[in-house]
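Residue numbers (this note's numbering): 24 to 201.
C-beta: ideal position from N, C-alpha, C; glycine also.
Listed below in structure tokens is the structure:
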């Protein structure tokens, strides 16, 4: 699963947005040098800093790529929306889709909170949706800022490689809400 399981365990209980801090960093960012100009000198964020903060591995296979004809390449010709249905248990209505990107509001309304007493497959579906939300908005957001491309399906498809004990732990640790 590309080493992204632990992202499903993150939510707003651990991450609070400090708007003043973000604003201060935005003011100090210099895109031409990719550095922050601080009172004590220049400072940059390295890949290792990101790995440390998010717990992401910077070794091994990378998550990248965009296919213009996505539907032809996903899961060896398996139709994209059929695969979406199999992995998440539901397909968004056409009004919530633009090409191969689904509105964030639909994800939040549909997968906002995992029901109490949900079976393991339902928990897997909610975990997949949550990880897709993280990938499509927090880590690799697009210009729209309000849609999630289904190119992330391959990265959440192998959730079954995670042990059921880990999934149950995720469910009991309160990861069931956005």
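By the Cβ neighbour-count rule, residue 108 is exposed, with fewer than 16 other Cβ atoms within 10 Å of its own. Going by DSSP, residue 141 is part of no beta strand (DSSP E) at all; its letter is neither H nor E. By alpha-carbon distance to residue 118, the top candidate from 127, 136, 151, 110 is 127.
For residue 180, no beta strand (DSSP E) segment is defined, and its DSSP state is neither H nor E. For residue 180, the closest C-alpha among the options 148, 52, 42 is that of 148. Under the 10 Å beta carbon count, residue 66 is surrounded by fewer than 16 other beta carbons and is classified as exposed.
Per the DSSP secondary-structure output, residue 58 pairs in a beta bridge with 53. Burial is judged here by how many other beta carbons sit within 10 angstroms of a residue's own beta carbon; residue 168 has fewer than 16 and is exposed. Shortest Cα-Cα distance from residue 137 to any of 104, 111, 45, 160 involves 111. C-alpha of residue 144 to C-alpha of residue 160: approximately 24 Å in a straight line.
Note on residue 61: under 16 other CB atoms within 10 angstroms of its CB, so exposed under the neighbour-count rule. Classified as buried, residue 174 has 16 or more neighbouring CB atoms from the shown chains inside 10 Å of its CB. Spatial neighbours of residue 53 in its own chain (CB-CB distance under 6 Å, excluding positions within 5 residues in sequence) are listed in chain order as 60. One Cα belongs to residue 57, the other to residue 68, and the distance between them is close to 9 Å. The three-state reading of DSSP puts residue 68 in coil, since its state is none of H, G, I, E or B. DSSP places residue 120 within a strand segment (E or B) once states are collapsed to three. Annotation: the continuous beta strand (DSSP E) that includes residue 171 extends over 170–172.
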